[in-house]
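K.L.:
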Amino acid sequence: MRAFVHYMVTLSFLTLYGAQVCPFVEGMHPGEWIIILSASLGATFAIRGGLVKHFIESVEFDRRVRRQFILDFGLFLMAGGLLITYNTLAHHFPLASALKMGLGFLTPGFFAALDLALERERMISGQLAASGLSIQVSGERLFPLTTRFALTAVALVTLWSGTLFLVVVKDMEWLVEYERGDNLMMPAMVVLAEIALVGAVALAEAINIIFSYSRNLKLFFTHQNGALSAVTRGELESRVPVSTRDEFGVMGEYTNIMITALKERTREVALTQDVTIHSLASLAETRDNETGAHILRTQRYIKALALRLRDMDGHNHPELLDDGYIELLFKSAPLHDIGKVGVPDAILLKPGKLTDDEFTIMKTHASMGREALLRAEGRLGSNSFLRLAREIAGGHHERWDGKGYPDGQTGERIPLSARLMAVADVYDALISKRVYKEAFTHEKSRGIIMEGRGNHFDPAVIEAFQRAETEFSEIARTYADGH
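For the sequence shown, my numbering gives the first residue as 10, with consecutive numbering after it.
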């Protein structure tokens, strides 16, 4: 459609231009001139579609924009060549007339080809963005935007000045031949109207090209800023679709290199974080009667609770329970009993029920774990992973009614992460065999958990537990001790 508009604008312009610059065209019947113009432009437009598919859409993306310009500019020159050949053979037009008509086709043809090339550039950018591909920029010859702008400006001034010059020269010749004594007002108005027409067309072409460049620049900025914005949200799969070999292409390629490096570094940090967690958790396991399966189960329990709680209507933490928070809960859960490293073996490994004094010492593991993680957090700075691990380690033995330890916190003063772990930890302790008790069934464990609603546990978390019962049973079977 855009190409058709350019051809129609060129036809309209040349219909008036030819008669104003060439006396031979002026002597022709207007209908004949329009038919000749229409035939030459129509012939080239008719073959354009097939040439676009063969010459442009069949090659690599990085060659299409240049080929689009060459093809459309060449078609306009071909149309001019057909018209000049016909006029020379049929009407014996002189060389000067041919040159004038050649310039008439060259000027609008250049700007039509440039506009259609810029449109192709937008199409390629969209296709690359949809496919996730990019063209190669590094090591290739660049065509800077500054150079493109400069060449466009030079072409605009040169071509339209030449066109306007031919119109003015023809009008001056006409005025010189005008009968003396006649009123010159009318011919002067005609001359001014012709100059204004050429100026208006030149201005329209300039504005159109400026808008085309602006649309492309906006698209490039949108892709660049979109990728950077996604990275700030942690979406490291985002990429800038590099579609041009200019400053924006270089910028986009370096941005993609940066995102790839950041993704790799983030992966290494996450892997180091996971290894550290499991190493610390394993350290606690070696000094405890609990098995490694306890960590695997409680990790999955707390994730199931968080997901169910997020899906509940009316819960108080819709903005908190996002995917990132739940993933950190899952990773932080293994450190809930890290403080047990500081509990004496005689108490930690005692094969029986603890005395009151021993239980008092055992309870210090919550505060010791919290303090150890707080010191680590102080060394590493603000870190959401360590914050959640600290909340869980220090608060998973708190109770909703304030009768827990180590601080006797109540209700929502207890961090959400700790309230979730409280249910997960107690449930796992109930279904697991201990030296002082046999493993309880799911039904019995469920009953004990439900009795703690509103006193031991957060009522909302208990509702989430009810919704996740099937998952809890499946997790307990899948990660049972000894499997």
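The beta-carbon is built from N, C-alpha and C at its ideal position, and this holds for glycine as well.
Using DSSP bridges, identify the partner residues of Phe-466.
P.N.:
Arg-462
K.L.:
Indicate the three-state DSSP secondary structure (helix, strand or coil) for Lys-446 in the structure shown.
P.N.:
strand
K.L.:
Is Ala-375 closer than 9 Å to Gly-417 when the C-beta atoms are compared?
P.N.:
no
K.L.:
Report yes if the C-beta distance between Trp-409 and Phe-474 is below 9 Å; otherwise report no.
P.N.:
No.
K.L.:
Where do the ends of the alpha helix (DSSP H) carrying Lys-251 lie?
P.N.:
One detail in the question is off: residue 251 reads as Val in this sequence, not Lys. It is not in any alpha helix (DSSP H) - Val-251 carries neither H nor E in the DSSP assignment.
K.L.:
What is the residue span of the alpha helix (DSSP H) that Arg-81 lies within?
P.N.:
The residue asked about is misnamed: residue 81 is Asp in this sequence, not Arg. Per DSSP, Asp-81 belongs to the alpha helix (DSSP H) from 70–100.
K.L.:
Is the beta carbon of Ile-401 closer than 9 Å to that of Leu-316?
P.N.:
no
K.L.:
Give the single residue among Glu-480, His-232 and Val-210 whose Cα lies nearest to the Cα of His-15.
P.N.:
Val-210
K.L.:
Rounded to whole angstroms, what's the CA-CA distance from Ile-266 to Thr-285? Just pull it up for me.
P.N.:
28 Å
K.L.:
Touching or not, the stretch 355–375 and the stretch 329–336, by the rule of three or more beta carbon pairs under 8 Å?
P.N.:
Contact check between the stretch 355–375 and the stretch 329–336: fewer than three CB pairs, one atom from each, fall below 8 Å, which does not count as touching.
K.L.:
What is the residue span of the alpha helix (DSSP H) that Met-430 lies within?
P.N.:
425–440
K.L.:
Is the CB-CB distance between Met-321 and Ala-469 below 9 Å?
P.N.:
yes
K.L.:
Using C-beta distances below 6 Å, list every residue in its chain close to Phe-19, excluding the 5 sequence neighbours before and after it, in chain order.
P.N.:
Note that residue 19 is Thr in the sequence shown here, rather than Phe. Pro-117.
K.L.:
With DSSP as the reference, label Arg-242 as helix, strand or coil.
P.N.:
coil
K.L.:
Would you identify the three-state DSSP class for Ser-147, choosing helix, strand or coil?
P.N.:
For Ser-147, the three-state secondary structure derived from DSSP is coil.
K.L.:
On the three-pair Cβ rule with 8 Å, is the stretch 39–50 touching the stretch 83–91?
P.N.:
yes
K.L.:
Looking at C-alpha atoms only, which residue of Ser-288, Ala-138 and Ala-126 is the closest neighbour of Arg-248?
P.N.:
Ala-138
K.L.:
Tell me which same chain residues have a C-beta within less than 6 Å of the C-beta of Gly-258, skipping the five on either side of it?
P.N.:
Val-146 and Val-251
K.L.:
Cα separation between Arg-379 and Thr-231?
P.N.:
45 Å
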